[in-house]
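This report concerns only the one structure given below.
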């Protein structure tokens, strides 16, 4: 079994054991869990195991419910785990997606980044400086395509060091960057960090409305439209495409089973986006990493404008990246996709949006060959939006500053 298998197949085979969870309320009443999640057979190709979903329906009158509970598995009643509900997320939801600005048809888009590890070849100060520069390029691009801001998971040592950077301070003042205090240890491979962080973000924001969407990608990846569309036009296109996919599926079902009752259209809870590698023909593969680590200069081109080669074929869809609305109650999320308990996932139409992956962002991983790569041309207005990394035009469009971190 590989490390990757360990990430994607972490549950017990349901054919061997079906856990029976119980929940004890403050008044002593015990509730049995029910499952509302119908795992897709396509969750993981070749995998017969799926994440478990446990839902407890609390009494409607709210009596003896409280905010603290005990949970246990019926076969082990002596092992009871106490827990309390966190504070309401209403204020945070309003902060991330103000209803006066963000609506279900015009949602806010926040990016999520897992903790950034220090490479073994760098000492602390050079690592912090390079990270601040990379964050500047990441946010400059993300805001240029209509993104709202970034939730950066970081330990206190890292966040305090980054706060000393002038360019990072600017994003903090504008409310475009929020630190999420994260003190969990690093796992052997970053895949496990992604799984825990993504689950934390989706669960923590599940009380928000559908006017909030999240981008789950890495720092070397960028949301892109070949037609120069910005968010939320990308979202409108993706949602329209999802409805068309649903209509096509319903029509096919009706043709094969005329007597079948028409199924209600499932709302789009997450979009799986195609991911395609890009390379720079302006510098060699060994110099690409420095493009992103070097300090930004006012008026200088964004590093992305130096990229003119794109892979002829994208990665398989299962190894793309995803957008998700936490309101749809996700039970499971890994690096490449997430499973909602409400709504459904849809393949992101590449004419609406896809993901650019800077293959040599951290180290040399690919070389340009005519059989694998072809010419990539950024649209003129896209390149123009990236010319000034100082961000004066983006600052003018800021929706206002806010608290620098949430817990």
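Numbering (the numbering used here), first residue to last: 2 to 408. Quick reminder that beta carbons are idealized off the backbone N, C-alpha and C, glycines included. Given the structure is predicted, the values throughout are model-derived calculations rather than measurements.
Practice task
Output the boundary residues of the beta strand (DSSP E) element that contains residue 310.
Solution key: Here residue 310 refers to the residue found at position 309 of the chain shown. Taken as a continuous stretch (DSSP letters only), the beta strand (DSSP E) holding residue 310 covers 310 to 312.
Whole-angstrom distance between residue 268 and residue 343, CA atom to CA atom: Working through the chain shown from its first residue, we reach residue 343 at position 342. Working through the chain shown from its first residue, we reach residue 268 at position 267. Their backbone Cα atoms lie some 8 Å apart in a straight line.
Open item on the list: Need the endpoints of the alpha helix (DSSP H) that residue 82 sits in, please.
Closed with: Numbered from its first residue, the chain shown carries residue 82 at position 81. That residue, residue 82, is in no alpha helix (DSSP H); its beta strand (DSSP E) goes 82 to 85.
I need the straight-line Cα distance from residue 63 to residue 76, nearest angstrom please. The residue you call residue 63 lines up with position 62 of the chain shown. The residue you call residue 76 lines up with position 75 of the chain shown. If I take the Cα positions, the gap works out to 28 Å.
Original post:
Hey, would you say residue 225 sits closer than 7 Å to residue 349, going by beta carbons?
Top reply: Residue numbering aside, residue 225 sits at position 224 when the chain shown is read from its first letter. Residue numbering aside, residue 349 sits at position 348 when the chain shown is read from its first letter. Not in contact: residue 225 and residue 349 (Cβ atoms no closer than 7 Å).
_For the region 305 to 322 against the region 281 to 289, do three or more pairs of beta-carbon atoms, one drawn from each stretch, fall closer than 8 Å, so that the two count as touching?_
yes
- Message: Which residues does DSSP list as the beta-bridge partners of residue 333?
- Response: The residue you call residue 333 lines up with position 332 of the chain shown. Its beta-bridge partners are 340.
- Would you identify the three-state DSSP class for residue 165, choosing helix, strand or coil? Looking up residue 165 in the chain shown gives position 164. Of the three classes helix, strand and coil, the one that applies to residue 165 here is coil, per DSSP.
**Request:** Determine the direct distance from the alpha carbon of residue 154 to that of residue 213, and round the result to whole angstroms.
**Result:** Indexing the chain shown from 1 puts residue 213 at position 212. Indexing the chain shown from 1 puts residue 154 at position 153. So the two alpha carbons sit approximately 18 Å from each other.
Quick check on this structure: which residue in 98, 150, 290 and 191 has the alpha carbon closest to the alpha carbon of residue 171? Along the chain shown, one-based indexing puts residue 171 at 170. Nearest option by C-alpha distance: 150.
request  = Since I believe residue 157 is in contact with residue 182 (beta carbons under 8 Å), could you give me their beta-carbon distance rounded to a whole number of angstroms?
outcome  = Taking the chain shown and counting its residues from 1, one reaches residue 182 at position 181. Taking the chain shown and counting its residues from 1, one reaches residue 157 at position 156. Yes, residue 182 and residue 157 are in contact; Cβ-Cβ is about 6 Å, under 8 Å.
- Item | Opening and closing residue of the alpha helix (DSSP H) in which residue 289 lies | In the chain shown, counting from the first residue as 1, residue 289 sits at position 288. Element bounds for residue 289: 289 to 294.
Let me know the beta strand (DSSP E) ranges lying completely inside the region 150 to 233, each 3 residues or longer, listed in chain order. 150 to 155, 178 to 182, 213 to 217 and 222 to 225
Between the beta-carbon of residue 195 and the beta-carbon of residue 376, is there less than 7 Å?
What you label residue 195 is simply residue 194 of the chain shown in a count that begins at 1. What you label residue 376 is simply residue 375 of the chain shown in a count that begins at 1. Cβ distance not < 7 Å, so residue 195 and residue 376 don't count as in contact.
Between the CA atoms of residue 351 and residue 240 - distance to the nearest angstrom: As a position in the chain shown, residue 240 is number 239, starting the count at 1. As a position in the chain shown, residue 351 is number 350, starting the count at 1. Cα-Cα distance, rounded: 12 Å.
Could you name the residues of the same chain whose beta carbon sits closer than 7 Å to that of residue 294, not counting the 5 residues immediately before and after it, in chain order? Locating residue 294 in the chain shown gives position 293, counting from the first residue. Result list for residue 294: 131, 134 and 135, in chain order.
Practice prompt. Just mark residue 159 as buried or exposed, buried being the case when its beta carbon has 16 or more other beta carbons within 10 Å.
Written response: Mapped onto the chain shown, residue 159 falls at position 158. When all chains shown are included, residue 159 counts as buried.
Opening and closing residue of the alpha helix (DSSP H) in which residue 125 lies: Indexing the chain shown from 1 puts residue 125 at position 124. Unbroken alpha helix (DSSP H) run through residue 125: 125 to 145.
Cβ separation of residue 373 and residue 313, assumed to be a contact under 8 Å, to the nearest whole Å:
One-based indexing of the chain shown puts residue 373 at position 372. One-based indexing of the chain shown puts residue 313 at position 312. Indeed they touch by this definition, with Cβ atoms about 6 Å apart.
DSSP state of residue 316, grouped into three classes?
Your numbering for residue 316 matches position 315 in the chain shown. The answer is coil: DSSP assigns residue 316 none of H, G, I, E or B.
Got a sec, what are the start and stop residues for the beta strand (DSSP E) residue 22 sits in?
Position 21 of the chain shown, counted from the start, is the residue given in the question as residue 22. 22 to 25 is the extent of the beta strand (DSSP E) around residue 22.
Open item on the list: Is the separation between the beta-carbon of residue 304 and that of residue 292 shorter than 7 Å?
Closed with: Working through the chain shown from its first residue, we reach residue 304 at position 303. Working through the chain shown from its first residue, we reach residue 292 at position 291. Taking 7 Å as the Cβ cut-off, residue 304 and residue 292 qualify as a contacting pair.
| query | Once you ignore the five residues that flank residue 223 on each side, which residues in its own chain have a CB closer than 6 Å to its CB? | reply | On the chain shown, residue 223 is found 222 positions in, with the first residue counted as 1. 142 and 357, listed in sequence order.
| query | For residue 287 versus residue 359, is the C-beta spacing smaller than 7 Å? | reply | Here residue 287 refers to the residue found at position 286 when the chain shown is read from its first residue. Here residue 359 refers to the residue found at position 358 when the chain shown is read from its first residue. No, they are not a contact pair.
query = Would you report the Cα separation of residue 31 and residue 207, rounded to the nearest angstrom?
reply = The residue labelled residue 31 in the question sits at position 30 within the chain shown. The residue labelled residue 207 in the question sits at position 206 within the chain shown. C-alpha separation (whole angstroms): 25 Å.
Query raised in the report: Since residue 272 sits in a beta bridge, which residues does DSSP pair it with?
Result: Residue 272 sits at position 271 when you count from the first residue of the chain shown. 324 and 347, per the DSSP bridge assignment.
- When DSSP labels each residue in this structure, what does residue 250 get in the three-state scheme? Counting from 1 along the chain shown, the entry for residue 250 is found at position 249. Reduced to three states, the DSSP call for residue 250 is helix.
Item to check | Straight-line Cα distance separating residue 290 from residue 299 | outcome: Numbered from 1 along the chain shown, position 298 holds the residue referred to as residue 299. Numbered from 1 along the chain shown, position 289 holds the residue referred to as residue 290. Residue 299 and residue 290: Cα-Cα distance of roughly 20 Å.
Practice task
Compare the C-alpha of residue 275 against each of 227, 244 and 231 and name the closest.
Solution key: Locating residue 275 in the chain shown gives position 274, where the first residue counts as 1. Cα-wise, what sits closest to residue 275 is 227.
* Counting only the same chain and skipping the five closest in sequence on each side, list residues whose C-beta sits under 6 Å from that of residue 215. => In the chain shown, residue 215 corresponds to position 214, counting from 1. Closer than 6 Å at the Cβ level, and outside the excluded window around residue 215, lie 111, 113 and 325.
Original post:
Roughly how many angstroms lie between the CA atoms of residue 20 and residue 82, to the nearest whole one?
Top reply: Position 19 of the chain shown, counted from the first residue, corresponds to residue 20. Position 81 of the chain shown, counted from the first residue, corresponds to residue 82. Those two C-alpha atoms are separated by around 15 Å.
Exercise for review: Return the residue from the list 86, 93 and 27 that minimises the CA-CA distance to residue 65.
Suggested key: For the purposes of this step, residue 65 is taken as the residue at position 64 of the chain shown. Comparing Cα positions, the closest option is 27.
**Prompt:** DSSP state of residue 77, grouped into three classes?
**Reply:** For the purposes of this step, residue 77 is identified with residue 76 of the chain shown, where counting begins at 1. Note: residue 77 maps to coil in three-state DSSP.
### Query
Roughly how far, in whole angstroms, is the beta-carbon of residue 179 from the beta-carbon of residue 140, given that I think they are within contact range, below 8 Å?
To locate residue 179, count along the chain shown from 1; it is residue 178. To locate residue 140, count along the chain shown from 1; it is residue 139. With a Cβ gap of about 11 Å, residue 179 and residue 140 do not count as contacting.
DSSP has residue 35 in a bridge; who is on the other side?
Residue mapping note: residue 35 aligns to position 34 of the chain shown, counting from 1. 56.
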